[in-house]
Amino acid sequence: MKDWPFQLGEKVKLYWVDKPYKLNNKWMLDAYFKGHKEIKKMTFDWATIHFLAFGRYYKDGNINNSEIRKNATIVDLDLSSIVFEMIEDFLEIEAEGSKKEIPTKVFVGYKDKVEYRIPALEIIRAIIATNRFLLNRIVELDSLDKYFIYSYDKQKNLHINFFDEYEEKLLNTEYVKHLAWIITNESIIKMFNQVGKNLWLKENISFDFLFHHFNVKARIRNKKHIIRILEVIEFREKEINAEEIFISSRYLKNIRKINQPKKRKYRLLKETDDKKLDPKVDGAKNSESDFVDTSNIKHIYTKNSKINRIRSGESYVRDEEDEKTKLYEIENEALRTTADTGGMDKAKGIEYKNVEDVSIQGELEEFIEIMKLLKNKPNIKDVQLVIKDLPEGKKGKKFSKLHDGENKRQYVVGKITMNNGKEVSLIEVEREERSLSILLLYAVKAINWGNLYLKVTLGLVNKNGTWDSQGLKRLEGQGVFSNRIRHKSDKSSIYDKCDYTYEKIFRDN
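Take 16 as the starting number for the sequence shown in this note's numbering and just add one per residue.
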């Protein structure tokens, strides 16, 4: 992450996590890290809790790669018979020049004269919502039914029909099994729903401890008959209450190998990082040998439920290449974590076309002609185009299709490279008489345009054909800024419209 407040190479311990709060219509949380000299606060989006475990050590802002000490205490615990109650625990922290009491919710239970304490956030992070998709859903209200429906047959088999919004990468075996565990256990789905409901109503974490089995391997701190569970490493005895699981999705297709050359192939650009980490640099006081990486949480089921994937349609695989196979390069650093998916996702390659090679008919034709004229303007080095269909968006959002309800609505991106190397992008959408401006995007640093186009157009669809002002405002925190360019009157000539667009571009740049 950017703006990491500690010195390069310094390992800092996650000390405490505050309760979630709403900021700019987004759930956030503050985490406190203890370095060699002081404790500092960092603010994260809610789903980052996936990577945050108490007592873990982090370095150089790499939140998704942490370590524990080799001498950490890791034990097996069966706490199934214990009644746990939620309390609010406080820790006095001196951070950034002031003392404050930071609250957090903790479950407390007793067994054989020993008190057991489990942070509520650890139960959410490590047991209930084990990926970013579920973490983003758990803070919403009744949101799972936007992504799938499910039913049982007479043989007690579970059938899950995933909607288009449920991404393909979330169909892997572990994600499906965990989701089946949630929806086939009334107590688990109740806890899941309680988190979001109480967060909205009470603005705090609150849910009941409803596990029938609580058998874990955990990293703990044991002091004076109090065992604090810092991190769940294994969660055992998960039971899926179904004989078999049948899933269907438009992404599940029969794969057929065909004897044809590939139309395109992708090559990953190599990283060029001129910054080397030196553990001997001032501030790096911890020895590398004292730490070990154990970041994967393991879930163990009582039985191996078979997953049956119902496939429809065909997907073709081409192994051969020829002179017509196009090569697209994608950036290794183009990773996104804002998607509601279970992990990191590499951006797909974008097929840019030279503006002179594009000719289409219809509503977008005028925009393309303006782009061709812009290429000949002073200070503009090159103009390239991307023509794509709008993404589907949330269920029930119809703007991704034209008024006929059948044909996909298209958009064109004009990526303009200036003589000084700076890039801006203009996005024009098929409007069908709607009052929708052209969107101008520019960045103050290097970005992945492909991810940006997807975020912006997805926001447009989810807002039913208006640019998502809040989403665009959030992008400013990533160094991306925007402006709207209104369409000139139809009575204006194509040259007037080109001059008008040119002025708007250079007014903001």
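Cβ atoms here follow ideal geometry from the backbone N, Cα and C, with glycine treated the same way.
401 is the residue among 109, 216, 480, 401 whose C-alpha sits nearest the C-alpha of residue 369.
Only residues of its own chain outside the window of five on either side were considered, and among them none has a CB closer than 8 Å to the CB of residue 238.
In this structure, the straight-line span from the alpha carbon of residue 469 to that of residue 163 is close to 22 Å. Rounded to the nearest angstrom, the Cβ distance from residue 473 to residue 408 is 6 Å, consistent with a contact under 8 Å. DSSP, reduced to helix, strand and coil, places residue 224 outside both helices and strands of the structure shown, so it counts as coil. Residue 130 is a Cβ neighbour of residue 241, given a cutoff of 8 Å. Annotated three-state conformation of residue 505 is coil, per DSSP. The secondary-structure analysis by DSSP pairs residue 324 across a beta bridge with 262.
Residue 134 is bridged by DSSP to 121. A Cβ-Cβ contact shorter than 8 Å links residue 69 with residue 246. In the three-state scheme derived from DSSP, where H, G and I count as helix and E and B as strand, residue 380 is classed as helix. If the five residues before and after residue 244 are omitted, its C-beta is found closer than 6 Å to the C-beta atoms of 133, 233, 235, all from its own chain and listed in chain order. In the structure shown, residue 46 falls within a strand segment according to DSSP collapsed to helix, strand and coil. Beta-carbon to beta-carbon, residue 47 and residue 117 are separated by about 7 Å, close enough to satisfy the 8 Å threshold. Straight across, the Cα-Cα distance linking residue 168 with residue 257 is about 10 Å. Here residue 24 is near residue 75, since their CB atoms are less than 8 Å apart. Of the candidates 136, 159, 113, 136 places its Cα closest to the Cα of residue 102. Remark: C-beta atoms of residue 203 and residue 140 do not approach each other more closely than 8 Å. 8 Å or more divides the Cβ of residue 520 from the Cβ of residue 462. Counting only unbroken stretches of 4 or more residues, the alpha helix (DSSP H) elements lying wholly within the stretch 127 to 202 are 135 to 138, 147 to 153, 188 to 198, in sequence order. The continuous alpha helix (DSSP H) containing residue 468 extends over residues 464 to 477. Of all C-beta pairs linking the stretch 476 to 489 to the stretch 506 to 518, fewer than three are shorter than 8 Å, placing the two stretches out of contact. Here residue 219 has 34 as same chain residues with Cβ atoms under 6 Å from its own Cβ, once five neighbours each way along the sequence are excluded.
Residue 493 and residue 173 have their C-alpha atoms spaced approximately 42 Å apart. Of all C-beta pairs linking the stretch 438 to 447 to the stretch 422 to 430, three or more are shorter than 8 Å, placing the two stretches in contact. In this structure, residue 264 sits near residue 186, with a CB-CB distance shorter than 8 Å. Annotated as proximal: residue 497 and residue 455, with beta-carbon spacing under 8 Å. When the Cα atoms are used, residue 95 and residue 499 turn out to be separated by approximately 58 Å. Of the candidates 97, 143, 147, 97 places its Cα closest to the Cα of residue 125. Boundaries of the alpha helix (DSSP H) around residue 484: 484 to 490.
With fewer than 16 other CB atoms across the displayed protein chains lying within 10 angstroms of its CB, residue 105 is exposed.
Put simply, of 180, 511, 466 the residue whose alpha carbon is nearest the alpha carbon of residue 490 is 466.
By the 16-neighbour rule on beta-carbons within 10 angstroms, residue 413 is exposed. Under the DSSP assignment, residue 88 falls in the beta strand (DSSP E) whose first and last residues are 88 to 93. 8 Å or more divides the Cβ of residue 213 from the Cβ of residue 261. Judged by DSSP secondary structure, residue 37 falls within the beta strand (DSSP E) whose first and last residues are 36 to 38.
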